[in-house]
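Residue numbers for the sequence shown follow the numbering used here, so the first one is 2 and each next one is one higher.
Beta carbons: idealized from backbone N, C-alpha and C, even for Gly.
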Amino acid sequence: MTSDGDEVNELISRYGLEEDGEHVIIPFTGSDGRPRRCFLLKRKFIRVVYPDKHYADYPLAEMIAAIVRYPELPVTESLQLLHHELGRGEPDGPTTDKEIYE
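Put into structure tokens, the structure is as follows:
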């Protein structure tokens, strides 16, 4: 079993992402056609606050997978689509299943 850092490093390599000392950087093309970059802090979990004010913490690797697959959408919608794609229904917090990263 790999550690969280190993999973994140694997995703960085697999998707050709960038990183610096504190961030994973996801390059993508914005809706206006211009290059954009999404910066995620290198933390074990990233907290997402939903419009109804509840929040959930997601593993960094899961956030990367959602944003890489759906970069044009808000992260809450990206997570929802990722979970729907995997047959899980609504995202409800951290998960450790490997299938997200494949």
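For Y16, which three-state DSSP category applies? Residue numbering aside, residue 16 sits at position 15 when the sequence shown is read from its first letter. Helix at Y16.
Out of Y59, E11, G31 and D53, which one is the CA nearest neighbour of L42? Taking the sequence shown and counting its residues from 1, the one referred to as residue 42 is at position 41. Closest option to L42, judged by alpha-carbon separation, among Y59, E11, G31 and D53: Y59.
Sorted by chain position, which residues of the same chain lie with C-beta nearer than 6 Å to P72's C-beta, five sequence neighbours on each side aside? Walking along the sequence shown from the start, residue 72 turns up at place 71. Non-local C-beta neighbours of P72 in its own chain, meaning closer than 6 Å and more than five positions away in sequence, comprise F29, ordered along the chain.
Where R70 falls: helix, strand or coil (DSSP): In the sequence shown, the residue the question calls residue 70 occupies position 69. Helix at R70.
Kindly indicate which three-state DSSP category V9 falls into: helix, strand or coil? In the sequence shown, the residue the question calls residue 9 occupies position 8. Collapsing the DSSP output to three states places V9 in a helix.
What residue from Y56, G88 and R89 has the CA that sits closest to V76's CA? In the sequence shown, the residue the question calls residue 76 occupies position 75. Nearest of Y56, G88 and R89 to V76, Cα basis: Y56.
For H24, the nearest candidate out of L80, R70, L83 and R38 (CA to CA): The residue you call residue 24 lines up with position 23 of the sequence shown. For H24, the closest of L80, R70, L83 and R38 by C-alpha to C-alpha distance is R38.
Range covered by the beta strand (DSSP E) that runs through H24: Numbered from its first residue, the sequence shown carries residue 24 at position 23. Counting along the chain, the unbroken beta strand (DSSP E) around H24 starts and ends at H24 to T30.
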